[in-house]
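Be aware that the sequence shown starts at 54, since it is given in the numbering used here, and climbs by one per residue.
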Amino acid sequence: MKVERIGRLLVIPFLLLCAYLVWREFISEALERKLYPLHYTDAVEASAGEFGLPPELVYAVILTESSFDPDVVSTAGAKGLMQLTDDTNEWVAWRLGEESEPSRIFEPGLNIRRGCYLLSYLYERFGGWNEALAAYNAGVGRVDGWLDDLLYSSDQKTLIIDKLPIEETRSYIAKVLKSAEKYKKLYFEENSEEI
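In structure tokens form, the structure reads like this:
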């Protein structure tokens, strides 16, 4: 009799614990969705699809570059959601056979499309996301130099990220990849490949 009573008394804390764990998971996911939002979905999905990019990576780059502020301008003069400089915008437009239209660089659809083209180009050129993201942040010339230097690449194809001489680039790569994993977990788990 006493054992049954103790058993019943233990059920209530157990049920409360289960309810708390479910609630905590729900709140945690809701908070993560606020921290990792989906904005400009039509433009991101279209451009990611056009250039063969994982959409979670595009969202992660936009979050890292501009926090989804289409009007932001960096101290280096990079503009818009994906932080394109005027020179980069002009080069990408030329590669795509389009007018550069510098006055339109802040338009989300145009900025995302050109940023996605650049990411896909860098991935094709370097063959890996670490290298593509390093080039997106620090420039192609620097990444070429790092790949040629045994301090930063043991095989001239793969960067040793924690050895890179620019802290901002090391942090940038880590932040984008962490954000891409969060986006994948929250929104794209079934449909995504490994980044």
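All C-beta atoms in this analysis are idealised placements derived from N, C-alpha and C, irrespective of residue type, glycine included.
If residue i sits next to residue j, beta carbons under 8 Å apart, how far is it from one beta carbon to the other, in whole angstroms?
i           : j           : result
residue 146 : residue 156 : Incorrect: roughly 12 Å between the Cβ atoms, too far for contact.
residue 212 : residue 200 : 7 Å
residue 93  : residue 158 : With a Cβ gap of about 15 Å, residue 93 and residue 158 do not count as contacting.
residue 129 : residue 141 : Not really, about 11 Å apart at Cβ, beyond 8 Å.
Helix, strand or coil, according to DSSP, for residue i in the structure here?
i           : result
residue 175 : helix
residue 200 : helix
residue 84  : helix
residue 186 : helix
residue 132 : strand
residue 125 : coil
residue 163 : helix
residue 212 : coil
residue 91  : coil
residue 137 : strand
Given that a residue counts as buried once 16 or more other Cβ atoms are within 10 Å of its Cβ, and exposed if not, what is residue i?
i           : result
residue 109 : buried
residue 81  : exposed
residue 83  : exposed
residue 132 : buried
residue 88  : exposed
residue 207 : exposed
residue 100 : buried
Find the nearest neighbour of residue i within the set the options, judged by alpha-carbon distance.
i           : options               : result
residue 232 : 102, 95, 96 and 107   : 107
residue 118 : 241, 139 and 168      : 168
residue 240 : 224, 105, 113 and 99  : 113
residue 229 : 194, 210 and 184      : 184
residue 182 : 143, 163, 210 and 161 : 210
residue 149 : 218, 174 and 178      : 174
residue 225 : 206, 202 and 189      : 189
residue 135 : 90, 125 and 115       : 115
residue 86  : 97, 214 and 235       : 235
residue 193 : 202, 127 and 178      : 178
residue 90  : 105, 104, 111 and 99  : 111
residue 97  : 127, 202 and 172      : 172
residue 144 : 242, 220, 170 and 123 : 170
residue 163 : 214, 227, 124 and 217 : 124
residue 160 : 121, 219 and 227      : 121
residue 105 : 127, 126, 176 and 95  : 176
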